[in-house]
Amino acid sequence: MSRSSAPILFLGGFECSSQRRLDGRRLDLLAATGHDRWALADYRALAKHGLHAARDGLRWHLIETTPGRYDWSSFLPMLRAAQTAGVQVMWDLCHYGWPDDLDIWSEAFIERFARFAAEAAGVVTGELGEPPFFCTVNEISYWAWAGGEIGRMGPLALGQGPALKRQLARASIAATAAVRAVAPQARFLHAEPSIHVAAGSPESEEAAAAYRTVQYEALDMVSGRLAPELGGSRDCLDLVGVNFYPDNQWYHGGGTIPLGHHAYRPFREMLAEVHTRYQRPLMVAETGAEGTARPAWLHYVCAEVRAARSIGVPVEGICLYPILNYPGWEDERLCEVGLFSSPDENGRRACCAEFASEIARQQHLFREAEMHGGNDAR
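In numbering that gives the first Met the number 0, the protein residues as written are 0 to 377.
Structure, rendered in structure tokens:
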């Protein structure tokens, strides 16, 4: 593999989950963080810190409240705000939520999601005059586990993870085709968790290896390597996103493996494995830590990305996610994960100075690495 020295893109990711919880309450993190009200100020704040791109989301359940009829009033102000601020956005079309009248297990779910995706592509293209950039279905693997296997969020199923994974993969494939029919030059991000599972004992080595391999099933379905009857193909796979957090490595049947432990797998190796498997450009589509761990975690991830790029793994971006502090999904406690705080009554947000300083430092180190042909992996 040749060395990768192209400029890397730093993005800010806005938490846009809209699932129903176990108690039936629908979350709306764009509203809970105030981003839907203060989008222009938020995008301008990103740009001020050198983040000229973002991940953000549409709320399908607000846009299609009646089958086949679309109200874009919750989306257009955000789309226009990003354009005004000069921030390019990768828009999530389905981030764990869907309209209440729709059965996620039905054929109608596939058909209506594809139509919604095509309509969204038309809106973005019409407003911006350029092709859209979408993530069709966010984290198929996690959603299949949390919503289909253990009933933590909608559709609140138990033991149906594989079936939900197939359904979500079908939806992503159908949406990709529908968008391309409207905007042939559209780009797509496929964001999936990147994990490592280590054997806790010699007896669990086979089970741990099998569990780790499962992380690729969703992308294998989308790319047609697995279950080709779903309609996937290699050209469905565009930019591969890996979501990586401090708790993404654990012992099979046991606890989290801490960073620095002998069983902890270097992130550079995980990135290289994904690239070897799919031969597509990569992006760290989500990464972040909480509280005082934010700068140290970013330091580790960026150093590993530089190391991966130095051996030719084409990592094109790093998305700081979430970029805003937010209320926890289940307990609504304040999760201090972002560069920016919750807003005051005028939309002003405090900035985490230590995190901002580390972001600036990492941007500088990447520029230095690019000047030296990608060799600096500090």
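A virtual CB, placed ideally from N, CA and C, is assigned to each residue, including glycine.
TODO: Mind checking who I172 pairs with in its DSSP beta bridge?
DONE: Per DSSP, none; premise fails for I172.
Within 10 angstroms of the Cβ of A182, are there 16 or more other Cβ atoms? Answer buried if so, exposed if not.
buried
Margin query: Restricting to Cα atoms, I'd like to know which of E126, C318 and E138 is closest to L393.
Written below: Any property of residue 393 remains undetermined from this structure, which presents the chain solely from 0 to 377.
- Rounded distance between the beta-carbons of L236 and V221, thought under 8 angstroms: 6 angstroms
| So is F9 in contact with chain B if we call contact Cβ pairs under 8 angstroms? | Here chain B cannot be found, since the structure has a single protein chain.
Counting pairs of beta carbons, one from the region 262 to 270 and one from the region 105 to 119, are three or more of them closer than 8 angstroms? No: fewer than three Cβ pairs fall under 8 angstroms.
Run of the alpha helix (DSSP H) containing H298, from where it starts to where it stops
The continuous alpha helix (DSSP H) containing H298 extends over residues A292 to S309.
Spatial neighbours of P98 within its chain, please: C-beta separation below 6 angstroms, excluding the five flanking residues on both sides.
H60 and E63
Using CA coordinates, which residue listed in E216, C318 and H260 is at the minimum distance from Y277? E216
#### Entry: Distance between F243 and Y274 (C-alpha atoms, nearest Å)
Position check: residue 274 holds His in this sequence, whereas Tyr was assumed. Those two C-alpha atoms are separated by around 15 angstroms.
query = Hey, A393 and V336 are a contact pair by Cβ (cut 8 angstroms); roughly how many whole angstroms apart?
reply = In the structure displayed, the chain extends from 0 to 377; residue 393 sits before or after that span and is not available.
To the nearest angstrom, how far is the alpha carbon of A113 from that of I194? 29 angstroms
*Grab me the residues of G253's own chain with a C-beta within less than 8 angstroms of its C-beta, minus the 5 sequence neighbours each way, in chain order.*
Only G199 meet the Cβ criterion.
| query | Quick one: what's got a C-beta closer than 6 angstroms to S341's C-beta in the same chain, skipping five residues either side? | reply | Excluding residues within five positions, the ones whose Cβ falls inside 6 angstroms are N324.
For the candidate residues Y320, C318, L319 and E303, whose alpha-carbon lies nearest to that of V312?
Cα-wise, what sits closest to V312 is E303.
What whole-angstrom Cβ distance do G230 and R151 have, given they're in contact under 8 angstroms?
28 angstroms between Cβ atoms; not a contact.
Taking three-plus beta-carbon pairs below 8 angstroms as touching, is the region 41 to 53 in contact with the region 82 to 89? yes
Taking the CB atoms as reference points, tell me whether F133 and F74 lie closer together than 8 angstroms.
no
Open item on the list: Suppose you measure from the CA of R293 to the CA of R347; what does that come to, to the nearest Å?
Closed with: Those two C-alpha atoms are separated by around 21 angstroms.
*asked:* Please state the DSSP three-state secondary structure of C235.
replied: In the structure shown, C235 falls within a helical segment according to DSSP collapsed to helix, strand and coil.
inquiry  = What does the Cβ neighbour count give for G147, buried or exposed, with the cut at 16 atoms within 10 Å?
reply    = Flag for G147 reads buried.
- I109 to I103, Cα distance in whole Å? 8 angstroms
Check: What span of residues does the alpha helix (DSSP H) with L61 cover, start to end?
Finding: Looking at the DSSP string, the run of the alpha helix (DSSP H) that includes L61 is W59 to I62.
- What first and last residue would you give for the alpha helix (DSSP H) that runs through V123? E106 to L127
When the Cα atoms are used, what is the spatial distance from E228 to D234? 16 angstroms
ask   = From what residue to what residue does the alpha helix (DSSP H) around I103 run?
value = Careful: I103 lies outside any alpha helix (DSSP H) and carries neither H nor E.
Using a threshold of 8 angstroms, state whether the C-beta atoms of C318 and A284 are closer than that. Yes.
- Could you check if T286 is buried or exposed, using at least 16 other CB atoms within 10 Å of its CB as the buried criterion? buried
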